[in-house]
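The structure under discussion appears below in the form of structure tokens.
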Amino acid sequence: NGNSTFTFFTAQISTDNFASVNVSTTTGATSAAFTGLSANTDYFLRVLAQGYSTATAFVAMPTVTTLLLPPATAFATFTSVDVASITVVWANGGNGPASVYEAQISTSAAFSTVNFTSMTLNLSVLYGVGGGGQSLSGNTTYYFQVRTTNGGSQSVYVGLGSTMTLAHPPVATSSAAAAGRTADVSWQANGNPSATQYEVWRDTAAGFPAPVKAFASTTTYSASGLEPDTTYYFKVRAVNGGGVPSGFDS
267 NGNSTFTFFT AQISTDNFAS VNVSTTTGAT SAAFTGLSAN TDYFLRVLAQ GYSTATAFVA
327 MPTVTTLLLP PATAFATFTS VDVASITVVW ANGGNGPASV YEAQISTSAA FSTVNFTSMT
387 LNLSVLYGVG GGGQSLSGNT TYYFQVRTTN GGSQSVYVGL GSTMTLAHPP VATSSAAAAG
447 RTADVSWQAN GNPSATQYEV WRDTAAGFPA PVKAFASTTT YSASGLEPDT TYYFKVRAVN
507 GGGVPSGFDS
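Heads up: the sequence shown runs through residues 267 to 516, numbered per this note's numbering.
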């Protein structure tokens, strides 16, 4: 703007409209580069001209928004897993604190269907009971992905992996059927899917100090080889696909 070649320029950048200054640089050129900035963040810029003894006022430059970066996976992806809810977390991946994240949950590894999409400023989402979407199903694998968005553009999705909800405790029937040295016990699945495994305990003492354990792939179990004229106690619990047991039946 008519300044001589001996003029120096001071350029500054700020995220809060110069209530504070992130970086200030002085140069004899008519451009300046700022590095190490946060992604998806609005930056304010201004510049002044400096002569031998005087300087002009700062002149505001157009505000710019840095590009989006994909989120990153967190050290612990799932901080809570229950029968009907899962909390998933991620890291910002270098995006600024005002970044919006679009997180999805699905029972499909390819996300051919999406159970629920959550838009959040946080780095975590609770899905299911107490959080976003409907109550999750017990003993079911869920997949998660997340991307950064600013409304006008989005990063690529980052896969957060998968985890399985816990199984529901089964509901016991009121009695068991005994015949000779065999006893048949049954229970209700209580919402668990048909592939759920069940762990059946039996003992001759109500406190189960030395239980005999067996697994059943249905909601019935036949215990054989029992002693005549002996009282046996039974209890059962469900085991999810990850090998985590539920509480025992009621």
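Positions of the beta carbon are idealized from the N, C-alpha and C atoms, including for glycine.
Just so it is clear, the structure is predicted and the values come from calculations on it, not from any experiment.
Through-space distance from residue j to residue i, alpha-carbon basis
i: residue 287; j: residue 312; result: 10 Å
i: residue 268; j: residue 301; result: 29 Å
i: residue 383; j: residue 404; result: 20 Å
i: residue 437; j: residue 515; result: 5 Å
i: residue 343; j: residue 396; result: 19 Å
i: residue 360; j: residue 290; result: 22 Å
i: residue 409; j: residue 416; result: 24 Å
i: residue 467; j: residue 376; result: 39 Å
Nearest candidate by alpha-carbon position, reference residue i, set the options
i: residue 347; options: 474, 499, 445, 429; result: 429
i: residue 322; options: 343, 333, 309, 274; result: 274
i: residue 297; options: 276, 470, 365; result: 276
i: residue 340; options: 363, 424, 457; result: 424
i: residue 279; options: 295, 272, 271, 314; result: 314
i: residue 320; options: 488, 385, 362, 272; result: 272
Beta-ladder partner(s) of residue i, from DSSP
i: residue 382; result: 371
i: residue 465; result: 481, 503
i: residue 344; result: 354
i: residue 275; result: 293, 315
i: residue 450; result: 443, 488
i: residue 428; result: 409
i: residue 339; result: 356
Start and end residues, beta strand (DSSP E) containing residue i
i: residue 407; result: 407-415
i: residue 312; result: 308-316
i: residue 326; result: 325-331
i: residue 390; result: 390-394
i: residue 514; result: 511-514
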